[in-house]
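Chains as they are written, first to last, in this note's numbering: chain U, 997 to 1226; chain E, 2 to 425. All C-beta atoms, glycine included, are put in the ideal place defined by N, C-alpha and C.
Below, the structure is given as structure tokens:
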């Protein structure tokens, strides 16, 4: 999987690159409009992370160029400007997603995976994690080939955690992913706990080989049971 | 007191003093002149009488002022010679009128053609000072009234016209608000002082508007510039937390730092939102139904309210449609509902009512009654929980102001927020 990151902030760029490499992506970087344009024209990528506020040009023009070249690269816009206009314009121009800064690295991860998955599998393929099979489009979960009833939020939490498996996912990242941005000012995210508790119980009842562990002070982590060497 | 009335009062006082002073002087001059005329008349009469005496000696047979206005009696030569013509005021008793009256008396002596000396006294007609004063006073009153009315007219027509630019300027300053950001057109006037005033005010306002704008710009830029380092900080810490050699305690501490940074970030977002609302950057308006927004928002918050065991009672009595920006309408409802849930108590309730052009959100709380004016202020310190930005209600207020809505707070055992399209 090849990902191009177009971002003018060197620290942000380095950070995203470092993270994506731990997820086993091949990462190319561009730190301005011109070098971004070069790479877009010359190569194909599975996914492009595009900061639209570049010092020497508007990232939306790069998007326009990409679409004019009729390239199939998926594009996720990342912007410090949380503006509805930019979002609408970007999505109209053919971007696959829009993420406002600051974002959780786990959220970025989930979005990239979802964008790539949509493109590759046409939404038909079952995702497999140990003995758990999931069809995201049909919102279907099978554990040991037995269907499991999950409510909408439990399902969304499971997917989000699976996308970030073996990674600590903060409570606020989960809350924002499932409940939306509006929840970001709540006192605490303990209300997530009841959903997690139910989800965990169902996983255990069906003897799934994945489990959700709590990480004190941070959030939760989805772990593969055979990785535990128990 | 209005400037015009003030001028008028001053002018009237000056007029009153001037006219009165003038009246006194005029009276004395008039009296002197009048006496001189009367005395001249008496002197003429004397000559006529003396002439008459030449032909008619019976004229001399008068020793009381009965029908005639003179007395003539013969006197000795010595007495006559020491008499000089004299005019004086005197009181004469009139038998006919049975009363005394004031008159002018001429006393003189002369040598008649018959060789005898006579003394003659002639009186004038009645002198009535009282009447004169009265007449004078009345005409002066009329004069004063006339002057007073003319000065009112002068004030109304001339002064009003003269001060017109001043009043326009005053009205403009009264209507001026920094947020509206509108500098006025210079008022057209030829009066030097007003041109100067105009210029000074324009300069003053321009600097105020400029510094207000630059402050606003600064906050906006600062908030924007903060987003990237915040994002980097949060993400770095998230990556750090994932490293395997960290202990549970370390991860917990990193979690705390991330929480603080996130709070900073949401504060930042709120500030940006506020400045965007203030800058009128939410332009597109459409017909929105608050009923729909509430149904959706209540569902969104259901997990949280259930967790806190707060009952949300939704009672739409009518459907309220309002023309408003969609994003702002969502945020308005969300912030007020969030406020009602977060400042509630365990097991409390939130009651939402919707009428034809207003909605009401009531909530139970352990927080006592708040001061309405302070409540909507930014970073209002009263009843802040540690995690709130303190901007939620001021954002709600800013949205209401920008969308032609009115948000009011009252307290009746419960905190009540009313949003309506007409002032309460």
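Query                                                                                                                                                                : Result
Which parts of the region 142-217 of chain E are runs of the beta strand (DSSP E), unbroken and 3 residues or longer, counting only runs that do not cross its ends? : none
For chain E, find out if any of its Cβ atoms is closer than 8 angstroms to the Cβ of residue 1101(U); answer yes or no.                                              : yes
At the level of alpha carbons, what is the spacing between residue 84(E) and residue 45(E)?                                                                          : 18 angstroms
Within 8 angstroms of any Cβ in chain E, is that where the Cβ of residue 1226(U) sits?                                                                               : Because the pLDDT at residue 1226(U) is just 44, under 50, the model does not fix this residue reliably, and the value given afterwards should be weighed accordingly. Chain E, which has no Cβ nearer than 8 angstroms to the Cβ of residue 1226(U), makes this no.
Return the first residue and the last residue of the beta strand (DSSP E) that residue 1137(U) is part of.                                                           : 1136-1139
Could you tell me which chain E residues have their CB closer than 7 angstroms to the CB of residue 1021(U), listed as they occur along the chain?                   : Simply none; closest approach about 15 angstroms.
Cβ of residue 351(E) less than 8 angstroms from any chain U Cβ?                                                                                                      : no
When the cut-off is 8 angstroms and only beta carbons count, does residue 275(E) lie next to chain U?                                                                : no
Closer than 7 angstroms, Cβ to Cβ, to anything on chain U: give me those residues from the region 215-235 of chain E, in chain order.                                : 225, 228, 229, 231, 232, 233 and 235
Once you ignore the five residues that flank residue 1131(U) on each side, which residues in its own chain have a CB closer than 7 angstroms to its CB?              : 1122
Return yes when the Cβ of residue 9(E) is within less than 8 angstroms of the Cβ of residue 148(E), no when it is not.                                               : no
Please identify the residue among 104(E), 109(E), 235(E) and 307(E) whose C-alpha is closest to the C-alpha of residue 426(E).                                       : Because residue 426(E) is not part of the residues shown, which for chain E are 2 to 425, the question remains open.
To which residues of the same chain is residue 117(E) closer than 7 angstroms at the C-beta, ignoring the five residues directly before and after it?                : 75
Looking at chain E, is there any beta carbon in it that lies within less than 8 angstroms of the beta carbon of residue 1151(U)?                                     : no
Taking C-alpha atoms, which residue in 138(E), 104(E) and 113(E) lies nearest to residue 56(E)?                                                                      : 113(E)
Let me know the secondary structure DSSP gives residue 356(E) once reduced to three states.                                                                          : coil
Name, going along the chain, the residues of the region 1151-1165 of chain U whose beta-carbon falls closer than 7 angstroms to a beta-carbon of chain E.            : 1163 and 1164
Could you tell me which of 80(E), 352(E), 397(E) and 424(E) sits nearest to residue 417(E), measuring between CA atoms?                                              : 352(E)
Please classify residue 143(E): is it buried, with 16 or more other beta-carbons within 10 angstroms of its beta-carbon, or exposed?                                 : exposed
With H, G and I counted as helix, E and B as strand and the rest as coil, what does DSSP make of residue 311(E)?                                                     : coil
Check residue 27(E) in the structure and name its three-state DSSP category.                                                                                         : helix
For chain E, is any of its Cβ atoms less than 8 angstroms away from the one on residue 1029(U)?                                                                      : no
Restricting to Cα atoms, I'd like to know which of 311(E), 190(E) and 72(E) is closest to residue 125(E).                                                            : 72(E)
Please report the straight-line C-alpha distance between residue 945(U) and residue 1208(U), rounded to a whole angstrom.                                            : The requested residue 945(U) is not part of the displayed model; chain U covers only 997 to 1226.
Between residue 1008(U) and chain E, is any beta-carbon pair separated by less than 8 angstroms?                                                                     : yes
Under a three-way DSSP split, which group does residue 316(E) fall into?                                                                                             : strand
Between which residues of its own chain and residue 1226(U) is the CB-CB distance below 8 angstroms, once the five residues before and five after are set aside?     : Annotation note: pLDDT 44 at residue 1226(U) (below 50); position unreliable, no value reported.
What are the boundary residues of the beta strand (DSSP E) that residue 994(U) is part of?                                                                           : What the structure shows of chain U is the stretch from 997 to 1226, and residue 994(U) is not part of that stretch, so it cannot be assessed.
Taking 8 angstroms as the cut-off, does the region 1140-1160 of chain U touch the region 1049-1063 of chain U (at least 3 CB pairs, one atom from each stretch)?     : no
Is any beta-carbon of chain U found at less than 8 angstroms from that of residue 301(E)?                                                                            : yes
Are the CB atoms of residue 328(E) and residue 283(E) within a distance shorter than 8 angstroms?                                                                    : yes
Per DSSP, residue 1142(U) is paired with what?                                                                                                                       : 1139(U)
Let me check one thing: in DSSP terms, what residues is residue 1096(U) bridge-paired to?                                                                            : 1075(U)
Can the beta-carbon of residue 1034(U) be found closer than 8 angstroms to that of residue 999(U)?                                                                   : no
Tell me whether residue 1085(U) sits in a helix, a strand or coil according to DSSP, three-state version.                                                            : helix
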